[in-house]
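There are 2 protein chains.
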Amino acid sequence: MADYKAPLRDVRFVRDEMFKFGELYSQIPTGEDATPDMVDAILDEIARFAEQEIAPTNVAGDREGCTLTEDGVTTPTGFKELYKAYVEGGWPSISSSVEFGGQGLPVSLGMTVSEFVGQANWSWGMYPGLSHGAKHLLEAHGSDAQKQEYLPRMVSGEWTGTMCLTEPHCGSDLGLLRTKAEPNNDGSYAITGTKIFISSGDHDMAENIIHLVLARLPDSPAGTKGISIFIVPKNNLDTDGNVADRNGVSCGSLEHKMGIHGNSTCVMNFDAAKGFLIGEPNKGLNYMFTMMNSARIGTAFQGLAHSELALQHATEYARDRLQMRSLTGKKNPDGPADPIIVHPDVRRMLLTIKSLTEGMRMMGYHMAYNAEIAEGHADEEARKLAEDMLAVLTPIGKAFMTEAGYEAANHGVQVFGGHGYTAEWPVEQNVRDCRISMIYEGTTGIQALDLLGRKVLGSGGELLKPLTKEIYKWSKAHAEDETVAKYAEELQALTKEWGEVTMHIGMVAMEDRDAVGAASVDYLMYAGYVCLAYYWAMMAKRAADALAEGTSEKDFYEAKLLTAKFYFARILPRTRALVATMKAPVDTLMDIGEDQFVF
Amino acid sequence: MADYKAPLRDVRFVRDEMFKFGELYSQIPTGEDATPDMVDAILDEIARFAEQEIAPTNVAGDREGCTLTEDGVTTPTGFKELYKAYVEGGWPSISSSVEFGGQGLPVSLGMTVSEFVGQANWSWGMYPGLSHGAKHLLEAHGSDAQKQEYLPRMVSGEWTGTMCLTEPHCGSDLGLLRTKAEPNNDGSYAITGTKIFISSGDHDMAENIIHLVLARLPDSPAGTKGISIFIVPKNNLDTDGNVADRNGVSCGSLEHKMGIHGNSTCVMNFDAAKGFLIGEPNKGLNYMFTMMNSARIGTAFQGLAHSELALQHATEYARDRLQMRSLTGKKNPDGPADPIIVHPDVRRMLLTIKSLTEGMRMMGYHMAYNAEIAEGHADEEARKLAEDMLAVLTPIGKAFMTEAGYEAANHGVQVFGGHGYTAEWPVEQNVRDCRISMIYEGTTGIQALDLLGRKVLGSGGELLKPLTKEIYKWSKAHAEDETVAKYAEELQALTKEWGEVTMHIGMVAMEDRDAVGAASVDYLMYAGYVCLAYYWAMMAKRAADALAEGTSEKDFYEAKLLTAKFYFARILPRTRALVATMKAPVDTLMDIGEDQFVF
Chain F
50 MADYKAPLRD VRFVRDEMFK FGELYSQIPT GEDATPDMVD AILDEIARFA
100 EQEIAPTNVA GDREGCTLTE DGVTTPTGFK ELYKAYVEGG WPSISSSVEF
150 GGQGLPVSLG MTVSEFVGQA NWSWGMYPGL SHGAKHLLEA HGSDAQKQEY
200 LPRMVSGEWT GTMCLTEPHC GSDLGLLRTK AEPNNDGSYA ITGTKIFISS
250 GDHDMAENII HLVLARLPDS PAGTKGISIF IVPKNNLDTD GNVADRNGVS
300 CGSLEHKMGI HGNSTCVMNF DAAKGFLIGE PNKGLNYMFT MMNSARIGTA
350 FQGLAHSELA LQHATEYARD RLQMRSLTGK KNPDGPADPI IVHPDVRRML
400 LTIKSLTEGM RMMGYHMAYN AEIAEGHADE EARKLAEDML AVLTPIGKAF
450 MTEAGYEAAN HGVQVFGGHG YTAEWPVEQN VRDCRISMIY EGTTGIQALD
500 LLGRKVLGSG GELLKPLTKE IYKWSKAHAE DETVAKYAEE LQALTKEWGE
550 VTMHIGMVAM EDRDAVGAAS VDYLMYAGYV CLAYYWAMMA KRAADALAEG
600 TSEKDFYEAK LLTAKFYFAR ILPRTRALVA TMKAPVDTLM DIGEDQFVF
Chain X
50 MADYKAPLRD VRFVRDEMFK FGELYSQIPT GEDATPDMVD AILDEIARFA
100 EQEIAPTNVA GDREGCTLTE DGVTTPTGFK ELYKAYVEGG WPSISSSVEF
150 GGQGLPVSLG MTVSEFVGQA NWSWGMYPGL SHGAKHLLEA HGSDAQKQEY
200 LPRMVSGEWT GTMCLTEPHC GSDLGLLRTK AEPNNDGSYA ITGTKIFISS
250 GDHDMAENII HLVLARLPDS PAGTKGISIF IVPKNNLDTD GNVADRNGVS
300 CGSLEHKMGI HGNSTCVMNF DAAKGFLIGE PNKGLNYMFT MMNSARIGTA
350 FQGLAHSELA LQHATEYARD RLQMRSLTGK KNPDGPADPI IVHPDVRRML
400 LTIKSLTEGM RMMGYHMAYN AEIAEGHADE EARKLAEDML AVLTPIGKAF
450 MTEAGYEAAN HGVQVFGGHG YTAEWPVEQN VRDCRISMIY EGTTGIQALD
500 LLGRKVLGSG GELLKPLTKE IYKWSKAHAE DETVAKYAEE LQALTKEWGE
550 VTMHIGMVAM EDRDAVGAAS VDYLMYAGYV CLAYYWAMMA KRAADALAEG
600 TSEKDFYEAK LLTAKFYFAR ILPRTRALVA TMKAPVDTLM DIGEDQFVF
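Respectively, the protein sequence lines represent chains F and X. Going by my numbering, the first sequence opens with residue 50, and the numbers climb by one from there. Going by my numbering, the second sequence opens with residue 50, and the numbers climb by one from there.
So, in structure tokens, the structure goes:
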């Protein structure tokens, strides 16, 4: 069975050669300490930690799963010790504010840390991962006293955090939520209700868990405008801020899930639990959205994680497994058969995985790059542009990367044949673990409505422009380039078509609002494929330059050129189907009656 | 949670109104007793049995799984009793020869029985299902004495059968197999070796299990030409043909699998087990192929099964679950939100499932229809034509229907959001159970090579003609039809394009044999989508006629028209991507080096 290998070379290619994060770091305050040497050392160390410490827990954690006892949730063997080592290594605090004990390094560096951690064991990585969202929200919207009380120990990793949103009757539609918050005499609130699907909701790895809980104050307006957000610690704090007695919150049961068995997905019961209002009443959903964007980028990286694992496992197996002879004559004449990597269809699957994986990595760091600027660039205009870019890149990244990751994970199984269906290799686990990524943090359908309805059409097309302009500008600049002119030409045509399709849907939607939902997922997938074409063209250009300059890594750069060629020839044509289905009449979806689906 | 409902109405639509199996039965010997009344009664009764007796074991069987004890494999609670009732009902013997105690009814009727059984609990259905292949092979190639010895009790269901092909180092490439058969003094053989992935390899439901085992005789030629096939009973028979002592065959371990937990997937150890040669030496693979075709059709129906389940579950949930308001105004003003079936994207998923399910059912019975003629029609020319049709329809059906079934099963989860990822509903199980169907009985890649390489190009295009001619003929005949002229026009263009693409690949393949494998899977999927377009056009025509004639089932027939419209507008355009990728240069797959996939 293949050991996980952190894809350091490709991450450095994307970070250093493509987006030049080093240059960006020289322009932002958090970048001061992020010197090239420092960044390199951090990447090497987290790669080692992910490979040697985290990865060995992945399969075992899936088999063992979490258990609920009277004392709460017990995580799989080794998870607790691993978390301790992670905290001791200082990893939770890498890009947190110095003010609260963090290392103050760039957020995009924290994303690389998360990339490797998540690939090594996604279920485990969700325990520290979920804390990030809670920390961001508290830092952005908590009072000074609240920040002082909770953040230092959340930053250090001593305590973890959760986000408690979903209830049995409301997932995507948070306006329906019922959890109540009633004022106590001391300024705190009594929180009562049931939350479901709470990832890392309870566990045995930290001394305290800080839940951020959406609830309704008495007499608050109905719907989304009457939701407030509260801090509800698992254990109450004493006047010194140390853990005291248990609060009225507990895990009622664990969900039995298809995958991510190592992560505890909890039903959380709040029984007049003591909670503390964050910010103003009824602003809960607004505050939540500041956290949601980073959580969505994090989930986008989950798609990349499963795709990367599929690439590593399937490649190893395809090189080892001997089965049939090549159609063009023996390639392994001394063996009983040829390795299956000689077969064109196996290569089609491997190259699909590879082109999606490396394309997604570009998309992930394209988001990370803009997130870095949006968070900390001195220039306001630059920040605004990056925010606008992120507004469209985030839903594309979240939905496209998880959908593509799931496709890759499934090809990963298929390369193994029957052996992929058994627990012998972790490739069926990879499919099971990946399946949730298209659902949580907003399903593909929700992301698609956000992209097309709220962002693109909601801004009269304005929000789409930073992205399409960037692609168009690049393709104009490379129209005469020896290597990539043909790609640049395709990209120009695609950006034009993208604009036309957007216009077309916008026109139809003026008459019929259902036109948005009818086209949205196809629109998002189209956007994803065009973005990946852009990234592959960029990578091909860089690879051609590196080869022209002379390099000791000829294989690496040649592979980039060859994979770009594959992507344009065999993946990008999917846009031909999508451009047709996006424009299909709305009545092809809406005319059929509710009772006409099943007879 | 939704109960399984046998899709009787749609099956009758396909059987009676589309393919007119009744007319066919009047032309074939096995059809004599299959009067319309008899067929109706059988369908009603197996529907009841599947819904009430089999379906309740599906989820529980997945949870409990099989266990291996010293005495062999124990199946999940209730499986054994269910099998007893199934045998008592006479279901195993429905389309077996009267000569061996069967009911001698048409094979296509047996396929409907299997359709409902498989949908109710695929894992359970594999126990009787695997026996069919073994019975067919024995009946076709066994000696009279062997048939008399084994068939009556296999036909009654008293004994079950397996097919033992795969070994650890050989799956698709059976030429590599090593299991040995050494002659004993009494004319029998000592079989020694290890077989893996043996479905229903051991269980506690029948008195005996008759394994058909591929093995090599001493001095047989290497590769596929040196493989013979042997009968190896789990328990030896005494001179009266009754079960005596144990033979040297046992289940060494059970595979831990992603799904189909209720079926025992066994590692089978043969330790000088007593075996009996079937037919001539070294003809094992030829004999096996007679069985494989029906096994492939059976697996095609597995794709339909998971798609049908996805349709039933997702439709029920989408009508119940209240979440968000319709984009065009409240549809459920008295409720807190609208049922999610109002949302266009949910409808897109449901209609995708529905159009694939009902299209696949047509494909399934198109195969069944031709299998019926090939097996029993008096006219030799008709038999030959049906065999040729089946030669191409079978790989298309096996691969396309399982791929489409998996897509449908995944949409089925997505409609549920987070609830689909938990064991609360059997929809994540549906994905896990379905995943194997694209692998066993020949992977999608193997089917695609069979279709394009062996069948289509191997016959110089001749074998493709019966199918494309049938489609072309239909579209010519309906070119002026009020309802379906537009579909007929598209079909004409598609059959023309199909021929051109075939020619193109054939030309390239003359220079480069890898061109076949490079295009094969896209070619097969293209073929599948074109076939479904044909079936949807046919169904639309029949629906329009029924509505014109006047019917009490207006909703049913209107739904056919609307789903056809959906299919042509939103699924068929996938052929635009496939036609491009099929023609993509071969070097986009072959140029990259084995060591250039991962760095």
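Glycine included, C-beta positions come from ideal geometry on N, C-alpha and C. Nothing here was measured: the structure is a model prediction, and the numbers come from that model.
Cβ atoms of X:A440 and X:K504: under 8 Å apart, would you say? yes
Sort F:Q101, F:R112, F:M639, F:T401 by Cα distance to F:L611 and report the nearest one. F:T401
Compare the beta carbon distance of F:L399 and F:V464 with 8 Å and say whether it is the shorter of the two. yes
Looking at the C-beta of X:K570, does it have a partner C-beta in chain F at a distance below 8 Å? Note that residue 570 of chain X is Val in the sequence shown here, rather than Lys. With 8 Å as the cut-off, X:V570 counts as an interface residue toward chain F.
Can you list, in chain order, the residues of its chain with a C-beta nearer than 8 Å to that of F:K590? Leave out the 5 residues immediately preceding and following it. H527, D530, T532, V533
For X:D394, return the contacting residues in chain F, with the cut-off set at a CB-CB distance below 8 Å. G494, A497, L498, G566, A567, S569, V570
Count the other CB atoms, across all protein chains shown, that sit within 10 Å of the CB of F:P85; report buried if there are 16 or more and exposed otherwise. Label assigned to F:P85: exposed.
Cβ shell of F:S205 (< 8 Å), same chain only, five flanking positions each side left out: V136, P141, S142, G150
Going by the CB atoms, is the gap between X:Y578 and X:M412 shorter than 8 Å? no
Under a Cβ-count criterion, where at least 16 other Cβ atoms within 10 Å of its own Cβ denotes burial, should X:Q101 be classed as buried or exposed? exposed
Between the Cα of X:A497 and the Cα atoms of X:G466, X:H468, X:L573, which residue gives the shortest distance? Considering only alpha carbons, the answer is X:L573.
In whole angstroms, give me the CA-to-CA distance for F:N511 and F:A567. The residue you asked about is not Asn; residue 511 of chain F is Glu in the sequence shown. Between F:E511 and F:A567, the C-alpha separation is close to 21 Å.
Contact defined as beta carbons within less than 8 Å: I believe F:I259 pairs with F:A183. What is the distance between those atoms, to the nearest angstrom? 6 Å
Rounded to a whole number of angstroms, what is the C-alpha to C-alpha distance between F:Y489 and F:L353? F:Y489 and F:L353: Cα-Cα distance of roughly 16 Å.
Might you give, ordered along the chain, the residues of its own chain that have their beta carbon closer than 7 Å to the beta carbon of X:N296, omitting 5 neighbours on each side? V281, P282, K283, N284, N285, A322, K323
Based on Cα-Cα distance, which residue from F:T377, F:S157, F:K380 lies nearest to F:A144? Here the sequence assigns Ser to residue 144 of chain F, which means Ala is not the residue at that position. Selected option, being the one with the closest Cα: F:S157.
Nearest by alpha-carbon distance to X:M340: which of X:H190, X:E119, X:G378 is it? X:M340 has its Cα closest to that of X:H190, out of X:H190, X:E119, X:G378.
Check whether the Cβ of F:L326 lies closer than 8 Å to any Cβ atom in chain X. So no, F:L326 is outside the interface.
Have a look at F:A90 and F:K522 and give me their C-alpha separation to the nearest angstrom. When rounded, the distance between both Cα atoms is 35 Å.
Tell me whether X:G466 is buried or exposed, calling it buried when 16 or more other Cβ atoms sit within 10 Å of its Cβ. Taking all protein chains shown into account, X:G466 has 16 or more neighbouring C-beta atoms within 10 Å of its C-beta and is therefore buried.
CB-CB under 6 Å to F:A592, same chain, minus the five flanking residues each way: which ones, in chain order? Y606, K609, L610
In the DSSP assignment, the alpha helix (DSSP H) including X:W208 goes from what residue to what residue? Per DSSP, X:W208 belongs to no alpha helix (DSSP H); it is in the beta strand (DSSP E), 208–213.
Going along the chain, which residues of its own chain have a beta-carbon closer than 6 Å to the beta-carbon of X:I390, five neighbours each way excluded? Within its own chain, the residues whose Cβ lies closer than 6 Å to the Cβ of X:I390, once the five positions on either side in sequence are excluded, are A367, R368, listed in chain order.
C-beta neighbour in chain X for F:L400, strict 8 Å: yes
Neighbour flag for F:D482 against chain X, beta carbons, 8 Å: No, its Cβ sits nowhere closer than 8 Å to a Cβ of chain X.
Could you say which of X:G71, X:G167, X:M160, X:E148 lies nearest to X:E188 if we only look at CA atoms? For X:E188, the closest alpha carbon among the candidates X:G71, X:G167, X:M160, X:E148 is that of X:E148.
For a contact defined as C-beta to C-beta under 8 Å, what are the partners of X:R623 on chain F? A626
Near F:L596, which residues of its chain fall below 6 Å by C-beta distance, leaving aside the five closest residues on each side in sequence? Y606
At least one CB of chain F closer than 8 Å to the CB of X:S221: is that the case? It does: the Cβ of X:S221 has a partner Cβ on chain F nearer than 8 Å.
Please classify X:P155 as buried or exposed, where buried requires at least 16 neighbouring CB atoms within 10 angstroms. buried
Suppose the cutoff is 8 Å on Cβ atoms and the five residues either side in sequence are ignored; what does the same chain contact list for F:A96 look like? A55, L57, F165
Suppose the cutoff is 8 Å on Cβ atoms and the five residues either side in sequence are ignored; what does the same chain contact list for F:P270 look like? N331
Against chain F, does X:G121 count as a neighbour if the rule is that its beta carbon must be under 8 Å from one of theirs? no
Starting from the beta carbon of F:P385, find every residue of chain C whose beta carbon is closer than 7 Å, and list them in chain order. The structure shown contains no chain C; its protein chains are F and X.
Identify the contact partners of F:Q168 in chain X, using a Cβ-Cβ distance below 7 Å as the criterion. Correct list: empty, because the minimum Cβ distance to chain X is about 13 Å.
Members of the region 355–370 of chain F near chain X, C-beta cut-off 7 Å: L360, Q361, T364, R368
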